[in-house]
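Peer 1: Attaching a single structure in structure tokens format; questions to follow.
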Amino acid sequence: MPYSKYIFQPGINREGTDYSNEGGWFDANLVRFRKGRPEKIGGWTKDSSSTYLGTARALHGWVDLEGTKYLGLGTTLKYYAQEGDVYYDITPIRSTDLNVTTFAATNGSAVITATDTAHGAVVNDFVTISNAASLGGTITAGVLNTEHQITAVPSANTYTFTASATANGSDTGNGGSATDAAYQINVGLDVYVDSTGWGAGLWGASTFGGNTALNSANQLRLWSHDNFGEDLILNVRQGGIYYWDTSVGTSTRAVALEDVSGANLAPNSALQVLVSEKDRHVICLGTQRLDTTGAARESAADPMFVAWSDQESAFEWEPKTTNTAGSLSLSSGSTIVGGLGSREETLIWTDTSLYSMQFIGPPFTFGVNLINEGIGLIGPKAAVNTPRGTFWMDRKGFYVYSGSVAPVPCSVHYYVFNDFNEGQSYKTFGFLNKQFNEVGWFYCSSSSSEIDRYVTYNYDEQVWSIGQLSRFAWLDEGLIATPRATGTSSSSNYLYLHETGENDDGSPMENVYIESSDFDIQDGELVSSISKIIPDVKFTGSGGTGQTINFIMKSRNYPGETLTTNTTQNVTSTTTKLDTRIRARQAALRIESDDDNSEQGNILNVGWRLGDTRLDIRPNGKR
């Protein structure tokens, strides 16, 4: 028999077994499909050596009127505005207590106990001390007068932090009577919880058997942010709404929207904030109603209530006949999960439905239509705008909206949803990589409480791929030429530039592979003999002729058997053929560039793209 060309169907298919998916690809990692061919994805490198505190689950880029580029990063602990390579802390201040804070130190310990009545702080909050005097020994004024992270909260009136020096026997003072303490807004959690109290902590924990209302400090910290002109509107989910005036500079912090000069009846709590770009209204989702007097906001937010500011004003929220401020309530669902500005409308998802809110002008300002019931949003950041419509993920599948809602046929549906951590679904976020016509989602597998997997869909070629990678937020190319994503390395948090080179931040990219489903001759009636492989590989990396990948042949005689690795051989740009000796009913092909494995050594700058592999495969009787 002549050589047989094996052209596998593009995309990963995990809906059946690896035997039933003959002629296709069954498994992959860090591989995409482009023009029907599999190739290794682009590499990544740190944006800079600068780090930030907390897990960054929100990114937003914009340019001010002077052309300065900014990147907003919302983390579990802080909010930063990046300019150049510097992260500027613009986290809002919750309260400032003047002339009331005192300190106590213990000889031989760096732990300082602060006393401030009704301080309102929680563990991991940040406080900046000023005007304190020395305690008399090594705990000097300079040691005290700086920012500290709170390590424990023994009571409503005390907390502790770790100083940069260890106290001695002379540290008997209290810091004086003029000490000020500026408290940043409470930090949030790095994990999602359904509630606090019963079942939220360890057996016997302090609130076991009780129940505490959810708020921004006891929930997964998620930020939303958008631009009003060159300025920034930002919101902590289930918490405050803040405003940062870019023109004032990076030395200033964001402030509560309601405290900005000229603000009138601005909400101070919401689930999400966004700006309707076409008509320039600030929109708050899941926010506070006006009380019965119409002169103040209710203290509690309504998770199904939507309010918006006057047109061209971020500060005027009182509905009047002379402005376009207003509000409406949604009815289908129990809570708003997320919203996204899309072309001529704002899409709003509840836990059960999708709404379209469109600007219609006075007197109603916005009209709202129920687009679909029975389909929600799996997490606040799980919807993505693309050139082919708005894609999103719910608890049952993937969907697209481009005037109407349609399910996206998915060949990896079972793989994703059968191994998915429902308890951490709010960490799931969607991303766009338009250079490769990809939309995708990062999510937590069932065995992980943190994001460890991704799934991508090429919306032009309608093929899926899967992989393992830990990223917490993503911003596609735009202000700069590459996508950016947040991640962790050696317990520090960094911003990464993606689709840059072929490596993992200067190291070889590990565990890159794609593996076919089983193939056979005459539906397995005959045993196959495979004696040669003619590889067809285009090396695309910058490593030149030193680039190497592995071709691995596996085989078995029955679908219920485990695949046996028969041969692993290196392929370079000069490889013409590979000799094998395989006899089995079924075979599978695996291509990998695990760039630090024993066969290849430690190889940098490897990029590859597969063509049409040919096999010398012949019938070899019956077994």
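Counting with my numbering, you get residues 3 to 625 for the letters of the sequence shown.
Every residue gets a Cβ at the ideal spot worked out from N, C-alpha and C, and that includes glycine.
Might you give, ordered along the chain, the residues of its own chain that have their beta carbon closer than 7 Å to the beta carbon of aspartate 614, omitting 5 neighbours on each side?
Peer 2: Answer for aspartate 614: Lys7, Ile9, Asp538, listed in chain order.
Peer 1: Taking C-beta to C-beta, are isoleucine 516 and valine 33 nearer than 8 Å?
Peer 2: Yes. Within cutoff.
Peer 1: Assuming the contact rule is C-beta atoms closer than 8 Å, phenylalanine 361 and aspartate 281 should be a hit. Round their C-beta distance to whole Å, please.
Peer 2: That belief holds up - the Cβ atoms of phenylalanine 361 and aspartate 281 are roughly 4 Å apart, short of 8 Å.
Peer 1: Is there contact here, the region 401 to 420 with the region 320 to 327, by at least three beta-carbon pairs under 8 Å?
Peer 2: Not touching, per the Cβ criterion.
Peer 1: Tell me, please, whether the region 91 to 109 touches the region 504 to 518 by the rule of three or more beta-carbon pairs shorter than 8 Å.
Peer 2: With the cut-off at 8 Å, the region 91 to 109 and the region 504 to 518 do not touch.
Peer 1: Classify leucine 287: buried if its beta carbon has 16 or more other beta carbons within 10 angstroms, exposed otherwise.
Peer 2: Counting Cβ neighbours within 10 Å, leucine 287 comes out buried, since at least 16 surround it.
Peer 1: In whole angstroms, what is the alpha-carbon distance linking glycine 341 and asparagine 371?
Peer 2: Each residue's alpha carbon lies about 14 Å from the other.
Peer 1: Our contact map puts alanine 316 next to tyrosine 245 with C-beta atoms below 8 Å; I'd like the distance itself, whole angstroms only.
Peer 2: Right, the Cβ-Cβ distance comes to about 7 Å (below 8 Å), so this counts as a contact.
Peer 1: Which residue marks the beginning of the alpha helix (DSSP H) containing glycine 144, and which one marks its end?
Peer 2: Element bounds for glycine 144: 143 to 146.
Peer 1: Could you give the C-beta distance for valine 277 and phenylalanine 230, rounded to a whole number, given that I count them as a contact under 8 Å?
Peer 2: Yes, valine 277 and phenylalanine 230 are in contact; Cβ-Cβ is about 5 Å, under 8 Å.
Peer 1: Looking at threonine 542 and tryptophan 46, is the spacing between their C-beta atoms short of 8 Å?
Peer 2: For tryptophan 46 and threonine 542, no; Cβs fall outside 8 Å.
Peer 1: Please give the ranges of any beta strand (DSSP E) in the region 258 to 327, keeping only runs that are unbroken, at least 3 residues long and fully inside the region.
Peer 2: Entirely contained in the region 258 to 327, the beta strand (DSSP E) runs reaching 3 residues are, in chain order, 274 to 278, 283 to 287, 307 to 310.
Peer 1: Let's see if you can read the secondary structure: which residues bound the alpha helix (DSSP H) around valine 418?
Peer 2: From DSSP, the alpha helix (DSSP H) with valine 418 extends over 415 to 419.
Peer 1: Can you name, in chain order, every residue of its own chain whose Cβ lies under 7 Å from the Cβ of histidine 415, other than the five neighbours on each side?
Peer 2: So the qualifying residues of the chain are Glu17, Gly399.
Peer 1: Sort out for me which residues DSSP pairs proline 409 with in a bridge.
Peer 2: Answer is Tyr401.
Peer 1: Going by Cα to Cα distance, which pick from Asn133, Asn460, Ser467, Glu452 is closest to leucine 222?
Peer 2: Nearest option by C-alpha distance: Glu452.
Peer 1: Taking the beta carbon of leucine 79 as the centre, do at least 16 other beta carbons fall within 10 Å, making it buried, or is it exposed?
Peer 2: Buried, by the Cβ-count rule.
Peer 1: Might you give, ordered along the chain, the residues of its own chain that have their beta carbon closer than 6 Å to the beta carbon of tyrosine 456, omitting 5 neighbours on each side?
Peer 2: Closer than 6 Å at Cβ, skipping near neighbours: Gly442, Phe444, Gly469, Leu471.
Peer 1: Give the DSSP-derived three-state secondary structure of serine 22 in the structure shown.
Peer 2: Note: serine 22 maps to coil in three-state DSSP.
Peer 1: With H, G and I counted as helix, E and B as strand and the rest as coil, what does DSSP make of glutamate 424?
Peer 2: In the structure shown, glutamate 424 sits in a helix (DSSP, three-state: H, G or I).
Peer 1: What residue ranges within the region 522 to 559 form continuous beta strand (DSSP E) runs of no fewer than 3 residues, ordered along the chain?
Peer 2: As far as the region 522 to 559 is concerned, its whole beta strand (DSSP E) runs of at least 3 residues are 530 to 536, 539 to 541, 551 to 558.
Peer 1: Can you pull the DSSP bridge partners for glycine 343?
Peer 2: Answer by DSSP bridge pairing, in chain order: Thr348.
Peer 1: At the level of alpha carbons, what is the spacing between glutamine 426 and methionine 511?
Peer 2: Roughly 27 Å between the two C-alpha positions.
Peer 1: Buried or exposed: asparagine 109, going by 16 or more other Cβ atoms within 10 Å of its Cβ?
Peer 2: Under this definition asparagine 109 is an exposed residue.
Peer 1: Going by beta-carbon coordinates alone, are serine 334 and threonine 348 separated by less than 8 Å?
Peer 2: No, these two residues do not count as a Cβ contact at 8 Å.
Peer 1: Can you tell me which of the three DSSP states phenylalanine 444 falls into?
Peer 2: If DSSP states are grouped into helix, strand and coil, phenylalanine 444 belongs with the strands.
Peer 1: Would you give the residue range spanned by the beta strand (DSSP E) that aspartate 618 belongs to?
Peer 2: That run of the beta strand (DSSP E) goes 615 to 621.
Peer 1: From the DSSP output, which residues share a beta bridge with isoleucine 584?
Peer 2: The partner list for isoleucine 584 (beta bridge, DSSP) reads Ile532.
Peer 1: So what's threonine 160 in DSSP terms, helix, strand or just coil?
Peer 2: Strand.
Peer 1: Enumerate, from N- to C-terminal direction, the unbroken beta strand (DSSP E) stretches of 3 or more residues contained entirely within the region 218 to 263.
Peer 2: Fully enclosed beta strand (DSSP E) runs of 3 or longer: 225 to 230, 233 to 238, 243 to 246.
Peer 1: Taking buried to mean at least 16 other C-beta atoms within 10 Å of its own C-beta, is threonine 566 buried or exposed?
Peer 2: Exposed, since its Cβ has fewer than 16 Cβ neighbours within 10 Å.
Peer 1: Taking C-beta to C-beta, are asparagine 374 and serine 344 nearer than 8 Å?
Peer 2: Against a cut-off of 8 Å, the Cβ pair of serine 344 and asparagine 374 comes out as no contact.
Peer 1: How far does the beta strand (DSSP E) with tyrosine 357 in it reach, from first residue to last?
Peer 2: Its beta strand (DSSP E) spans residues 355 to 363.
Peer 1: Based on the DSSP output, what are the partners of tyrosine 8 in its beta bridges?
Peer 2: For tyrosine 8, which the question treats as bridged, DSSP gives the partners Thr615.
Peer 1: Thinking C-beta only, is glycine 178 closer than 8 Å to glycine 139?
Peer 2: Contact: no.
Peer 1: So the beta strand (DSSP E) methionine 395 belongs to, where does it begin and stop?
Peer 2: That run of the beta strand (DSSP E) goes 391 to 395.
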